[in-house]
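So the sequence lines, in the order shown, correspond to chains Y and A.
Numbers 342 to 514, taken from my numbering, label the letters of the first sequence in order.
Numbers 6 to 424, taken from my numbering, label the letters of the second sequence in order.
Built from N, CA and C at the ideal position, the CB exists for glycine as well.
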Amino acid sequence: MTFPNEYLGMPVKVGELDHENREFYSYCAKHDLHLQKCNDCDLLRYPATTACPFCSSPDATWTSVEGKGTLYSYGEVHHAIQGAFRKHTPYMLLLVELDTQKGQPGEFDGIRMTSNLVTAEGELAPPELVKQVGIGTRLKIIYKDVDENVSIPLFAIDEDAEQPEKPWRYAIE
Amino acid sequence: MVQQADIDASSNKYLRGKYAIVGVGETGYVRGSGRTTKALGTEAVRNAMQDAGLKAGDVDGMLSYSFNDSTFSPTVAGELGIRPNFYMDVYGGGSSIEALIGIAIGVIEAGMCKTVAIYRAMNGYSQVRIGGTGGKGAVAPLSGESIFTRGYGLMSAGQMFCQSFMRHMYDYGTTPEQVAAVKAIHSEHASNNPKAYYNKRVSVEDVINSRMIVKPLHLLDCCVETDNGVAIIVTSIDRAKDCKHPPAVIQSVVGRCCKPRADMHYQSGPISTVAGHYGKQILWPNAGLGPEDVDVTGSYDAFTFTTMLQLEDYGFCEKGEGGDYVSNGTMRLGGARPNNTSGGHLCEGYTHGINMVIENVRQLRHDVDDFCPVGADGKRQHTYDYSEGGCRQVKNVEVTANLGWATPGQGSAMIMAKN
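What follows is the structure in structure tokens.
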């Protein structure tokens, strides 16, 4: 298997000392989302951290998590500032709330992953697809491989899920 | 398990009324200063010293903040003949000034120095553009932590905050037109400010019709980028008595107060709630005042939305009613509680917060630099005619609030009162 060793023309180098992120992206490379689960308070967390944001414990176990969730909020970039994204506008900045651990530890808390909307093939979504997605849209994780140790987690519309009749979108298209 | 939200953050209150801002200084707000940040910082601090009636020997402390895009305190101090007994240059932009005022009070209280000049000098348009180009960082390799930011084209302030703004519209039915009123109102104020970079009035329709940058932010929902130096001087209330102008007395300060999950605030609570929700638990008890006591606000307007979210979470209206508050005329000159009477970051110039503090100091002195005629005593004869090219002094200002924004998850605040 050959790898592109970059993403959208951007080189990717996860630091050798950054053990937590190396582990997170290595599970992504296996297309098997894992998050750290605290050994003391049993809560999962995102992004990868060196201690538990809920109880300060240093001890955690990488745990398989289903990569499905609902769009919690979004932005839609029409004026890109990074060269890598200029030819992809408008592109969608997603905040995806995973089904796993929704409403924990507080009623309004959740595991919310930043990402982009992509096609089922993992390409940044074209404008007509962007217009179909809003708060409430059901999404599933898709991976774009960079090298044997890193894949970028992205989200696409979950075609198998029941979708809201009309996901909430900003008033002006 | 103690929830992060439940931690008691109130602090000692005995410094209320003990310290004041005695001097304010600015360069022009321009694009293309043609000068170094050293020259801008030096001029701003010198102007603040002259405003206060202080000489180099009277200032023995210095603080600055920047994104490593400025000139540090020892250089500016040295060029002005100031010998600091204390100085510190901190990293950061918005939300720094109120925090640094608190630090200045703390170091004076600790006996480390007596009078502190605080400045921000930046060529925010002609050199390092905070929101514009992404700079060198935009092309550096993606690291473990930047895959989930830059790797997703999530880099500028607008790109990082838009999720909170959008969710507020979803949670509370806030409309684009309500939020656009912030720009329209600040542009009215700026039209009465000879220093403002954008001094033309714009309408809600102008904002809505300007091109989309990152939904829900149109171009005119975003602040201006400018080159400028700005400075203030903080000292004890006793020393303030010897200065040229009546002191703006500091009642309460909140410094870089954070939401839970300061590492990535999206994880915690409703993201349409911002740091002010926590900051208000320090701000009001320590000031001994409430939102109803405030005559003028300076709510940080990096974007139209930031003004709204902070006013709401500091309690100037009920949660969720910010859209109505910012569009019903309350915060317009002549309204019940004007906001950013200089035009703020949306119109006057971008300083990471100091110019809004300067404006409120001048409001408390009853000496705002508008288009009103100057009388024989050297002070402006304010007309309270707020039409274009007129007055921007608010009548009978007793108490002001500054609400500083860094991110949805981090903010600062300060209450000042007339002596």
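- Taking a 10 Å sphere around the C-beta of residue 449 of chain Y, we find fewer than 16 other C-beta atoms and assign the residue as exposed.
- DSSP places residue 329 of chain A in the helix class (H, G or I) of the three-state scheme.
- Looking at the backbone, the Cα of residue 80 of chain A and that of residue 230 of chain A are separated by about 25 angstroms.
- Going by DSSP, residue 266 of chain A is part of no alpha helix (DSSP H) at all; its letter is neither H nor E.
- In this structure, the CA atom of residue 33 of chain A is about 14 angstroms from the CA atom of residue 124 of chain A.
- Under a 10 Å Cβ-count criterion, residue 363 of chain A is classified as buried, with 16 or more other Cβ atoms of the shown protein chains found around its own Cβ.
- Between the alpha carbons of residue 234 of chain A and residue 496 of chain Y lies a distance of about 44 angstroms.
- By the neighbour-count definition (other C-beta atoms within 10 Å, threshold 16), residue 419 of chain A is a buried residue.
- Of all residues in the region 398-409 of chain Y, none comes within less than 9 angstroms of chain A when Cβ atoms are compared.
- Scanning chain Y for C-beta atoms nearer than 7 angstroms to the C-beta of residue 351 of chain A yields nothing, as the closest lies near 17 angstroms away.
- Boundaries of the beta strand (DSSP E) around residue 379 of chain Y: 375-379.
- The beta carbon of residue 386 of chain A sits closer than 7 angstroms to the beta carbons of 377, 378 and 380 from its chain, once the five residues preceding and following it are set aside; these are given in chain order.
- Contacts with chain A (Cβ-Cβ distance below 9 angstroms) from the region 438-458 of chain Y involve 446, 447, 448, 449, 450, 451, 452, 453, 454, 455, 456 and 457, listed in chain order.
- Sequence-distant Cβ neighbours of residue 147 of chain A in its own chain, meaning closer than 8 angstroms and more than five residues away, are 155 and 156.
- Minimum Cα-Cα distance from residue 402 of chain A among the listed residues A/393, A/298 and A/313 corresponds to A/298.
- Sequence-distant partners of residue 374 of chain Y (beyond 5 residues in either direction) whose C-beta falls short of 8 angstroms from its own C-beta, in its chain, are 368, 405, 406, 407, 408, 482 and 494.
- Burial check for residue 397 of chain Y: the Cβ neighbour count within 10 Å stays below 16, so the residue is exposed.
- Beta-bridge partners of residue 432 of chain Y (DSSP): Y/418.
- When Cβ-Cβ separations below 9 angstroms define contact, residue 370 of chain Y makes no contact with chain A.
- Per DSSP, reduced to three states, the secondary structure at residue 409 of chain A is strand.
- A Cβ-Cβ distance of about 5 angstroms is found for the pair residue 242 of chain A and residue 25 of chain A, placing them in contact under the 8 angstroms criterion.
- Of Y/357, Y/490 and Y/366, the smallest CA-CA separation from residue 387 of chain Y is found for Y/366.
- Of all C-beta pairs linking the region 240-260 of chain A to the region 383-400 of chain A, fewer than three are shorter than 8 angstroms, placing the two stretches out of contact.
- Contact between residue 70 of chain A and residue 95 of chain A holds, with the beta-carbon distance rounding to 5 angstroms and staying under 8 angstroms.
- Contacts between residue 413 of chain A and chain Y, judged by CB atoms closer than 7 angstroms, are missing: the closest CB pair is about 11 angstroms apart.
- Sequence-distant partners of residue 185 of chain A (beyond 5 residues in either direction) whose C-beta falls short of 6 angstroms from its own C-beta, in its chain, are 209, 212 and 213.
- Around the Cβ of residue 392 of chain A, a 10 Å sphere holds fewer than 16 other Cβ atoms; the residue is exposed.
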